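Below: the structure, in structure tokens.
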Amino acid sequence: MKLAGVEGQTRWPRRPLLTRSVSMIASGFSFSVMQREELPGCKAGSTGSLCPRGWVGYLNKCYYFSDEEADWFASQHNCSSFNASLSEIETKLELKFLLRYKGSIYHWIGLSKDASKPWTWANGKAFNDRFPIDEGGDCAYLSDNAIMSSWCKTKKNWICSKTDLYVQGDEHDSNVMQL
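Just so you know, the sequence shown maps onto residues 1148 to 1326 in the working numbering.
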């Protein structure tokens, strides 16, 4: 529909154009969220992470850095309430990320031991000694630049981790739209 303009110029109505633009933007957003096809040369999940609000995504995992302090056992319980566990650190790259991201505050991670047993992760996996732990207690935490240990009843912040929603698969697709 053409409208008369000033001095012979034509003015076009703006509303339909705006509606089409919004529809196209919304369609593009829906497509990008729902698209799961792997691109050639890319690993699944390498295009980004889908983590709950307030969590940080890195290397196919979601991390929650607490603002509160608790002992190791309460920290693990808090992580369980998020369907997560105290963080298991699988690579030196992951350790480096966590040390940088957490800042100067000490945080519990998911590593502990009984006095006569070896270190194990909160999820039950055995610790393979890929990182040195400064001995001193039965529960591990991240200090300024290393993994240290302390008595489990000491209060510290904590780091929870879980697999991100993109990697978890289709069973969590309904949660993706809520993020």
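Where is the CB? At the ideal position from N, CA and C, for every residue including glycine.
Here the structure is a predicted model, which means the values were calculated and not measured.
For residue j and residue i, the rounded distance between their alpha carbons
{"i": "Leu1197", "j": "Ala1231", "result": "15 Å"}
{"i": "Leu1312", "j": "Trp1202", "result": "12 Å"}
{"i": "Lys1303", "j": "Tyr1253", "result": "6 Å"}
{"i": "Trp1266", "j": "Glu1282", "result": "11 Å"}
{"i": "Ser1290", "j": "Gly1204", "result": "21 Å"}
{"i": "Thr1310", "j": "Tyr1210", "result": "9 Å"}
{"i": "Ser1259", "j": "Glu1216", "result": "18 Å"}
{"i": "Lys1243", "j": "Pro1199", "result": "22 Å"}
{"i": "Asn1225", "j": "Trp1219", "result": "10 Å"}
CB of residue i within 7 Å of CB of residue j, strictly
{"i": "Ser1138", "j": "Gly1271", "result": "No information on residue 1138 is available, as it lies outside the stretch 1148 to 1326 that the chain covers here."}
{"i": "Lys1093", "j": "Ser1308", "result": "Nothing about residue 1093 can be reported from this structure: the residues present for the chain run from 1148 to 1326 only."}
{"i": "Asp1306", "j": "Phe1212", "result": "Correcting the residue identity first, residue 1306 is Ile in this sequence and not Asp. The answer is yes: Cβ separation under 7 Å."}
{"i": "Asp1276", "j": "Cys1299", "result": "no"}
{"i": "Trp1255", "j": "Ser1222", "result": "yes"}
{"i": "Ser1296", "j": "Ile1280", "result": "yes"}
Three-state class that DSSP yields for residue i in the structure shown
{"i": "Leu1206", "result": "coil"}
{"i": "Ala1293", "result": "coil"}
{"i": "Asn1322", "result": "Bear in mind that the predicted position of Asn1322 carries a pLDDT of just 44, short of 50, making it unreliable; the figure below should be weighed with that in mind. Helix, per DSSP."}
{"i": "Phe1176", "result": "Per-residue confidence for Phe1176 stands at a pLDDT of 40, beneath the threshold of 50, marking its modelled position as unreliable; the derived number appears in the next sentence. In this structure, Phe1176 counts as helix in the three-state DSSP scheme."}
{"i": "Trp1298", "result": "coil"}
Residues sharing a beta bridge with residue i, DSSP
{"i": "Ser1213", "result": "For Ser1213, which the question treats as bridged, DSSP gives no partner whatsoever."}
{"i": "Trp1305", "result": "Trp1255"}
### Query
What residue ranges within the stretch 1223-1287 form continuous beta strand (DSSP E) runs of no fewer than 3 residues, ordered along the chain?
Segments of the beta strand (DSSP E) lying fully in the stretch 1223-1287: 1254-1259.
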